[in-house]
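Numbering (my numbering), first residue to last: 1147 to 1312. The beta carbon of each residue, even a glycine, is placed where N, CA and C say it ideally should be. What follows is a set of notes on a single structure, which appears directly below.
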């Protein structure tokens, strides 16, 4: 079940967010990664990875039930899952690696700031690729939900608010 896979992957990302948060609470590690791309990757992990994965799972379960229509395409759902999972993993890993490199460079005090920024270019390319993959996954999701909503109903709609007619 792909919706369950989204839920489980979101839980894994949430667990990783918690581990990173604890790691960042230690002074020595915080000195290394504070104000670097690591913290950007950490926030993307929480908000873009785990919370949206849970939302995708909920939407994939609820939309067909509320609309009384089968999901348009399971294959698009699979593509969505793999594109966004691999894309976000690449996106966040590039940010974490960049953050550690930035922190080490800054702590050394011997590397000019501009050289540190220039050293990030390959990692920013990986971040772009990951973001494009995730974006393509979201487009699969939007198209799939849109087509599901456009299909004819297979059963009469259920009233969400009670009242009247008894």
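Going along the chain, which residues of its own chain have a beta-carbon closer than 7 Å to the beta-carbon of residue 1187, five neighbours each way excluded? Walking along the chain shown from the start, residue 1187 turns up at place 41. Within the same chain, residue 1187 has close Cβ partners 1238, 1241, 1242, 1245.
Residue 1174 versus 1291, 1250, 1298, residue with shortest Cα-Cα distance: The residue you call residue 1174 lines up with position 28 of the chain shown. Of the candidates 1291, 1250, 1298, the residue whose Cα lies closest to the Cα of residue 1174 is 1250.
Buried/exposed call for residue 1300, threshold 16 Cβ in 10 Å: On the chain shown, residue 1300 is found 154 positions in, with the first residue counted as 1. Exposed, since its Cβ has fewer than 16 Cβ neighbours within 10 Å.
Which complete alpha helix (DSSP H) runs does the stretch 1207-1288 hold, if anything under 4 residues is left out? Runs of the alpha helix (DSSP H) inside the stretch 1207-1288: 1220-1254, 1259-1265.
So for residue 1163, helix, strand or coil by DSSP? For the purposes of this step, residue 1163 is identified with residue 17 of the chain shown, where counting begins at 1. Three-state result, residue 1163: helix.
Could you give the first and the last residue of the continuous alpha helix (DSSP H) run that contains residue 1179? Numbered from 1 along the chain shown, position 33 holds the residue referred to as residue 1179. From DSSP, the alpha helix (DSSP H) with residue 1179 extends over 1173-1179.
Cβ pair count under 8 Å reaching 3, the stretch 1286-1297 against the stretch 1206-1217: By the Cβ rule, the stretch 1286-1297 counts as touching the stretch 1206-1217, because three or more pairs are nearer than 8 Å.
Assign residue 1147 to one of three DSSP states: helix, strand, or coil. By one-based count along the chain shown, residue 1147 stands at place 1. Residue 1147: coil per DSSP, three-state reduction.
Using the C-alpha atoms, what's the distance from residue 1235 back to residue 1178? As a first step, residue 1178 is located in the chain shown; it is residue number 32 there, counting from the start. As a first step, residue 1235 is located in the chain shown; it is residue number 89 there, counting from the start. Residue 1178 and residue 1235: Cα-Cα distance of roughly 22 Å.
Taking the beta carbon of residue 1164 as the centre, do at least 16 other beta carbons fall within 10 Å, making it buried, or is it exposed? Numbered from 1 along the chain shown, position 18 holds the residue referred to as residue 1164. With a 10 Å radius around the Cβ and a threshold of 16 neighbouring Cβ atoms, residue 1164 comes out exposed.
Contacting residues, own chain, Cβ-Cβ under 6 Å from residue 1297 (five flanking each side not counted): If you number the chain shown from 1, residue 1297 lands on position 151. The beta carbon of residue 1297 sits closer than 6 Å to the beta carbons of 1215 from its chain, once the five residues preceding and following it are set aside; these are given in chain order.
CB contact flag (residue 1159, residue 1195, <7 Å): What you label residue 1159 is simply residue 13 of the chain shown in a count that begins at 1. What you label residue 1195 is simply residue 49 of the chain shown in a count that begins at 1. It is a contact, given that the beta carbons lie within the stated cut-off.
Here's the rule: buried if 16 or more other CB atoms are within 10 angstroms of the residue's CB, otherwise exposed. What is residue 1226? Position 80 of the chain shown, counted from the first residue, corresponds to residue 1226. Its Cβ being crowded by 16 or more others within 10 Å, residue 1226 is buried.
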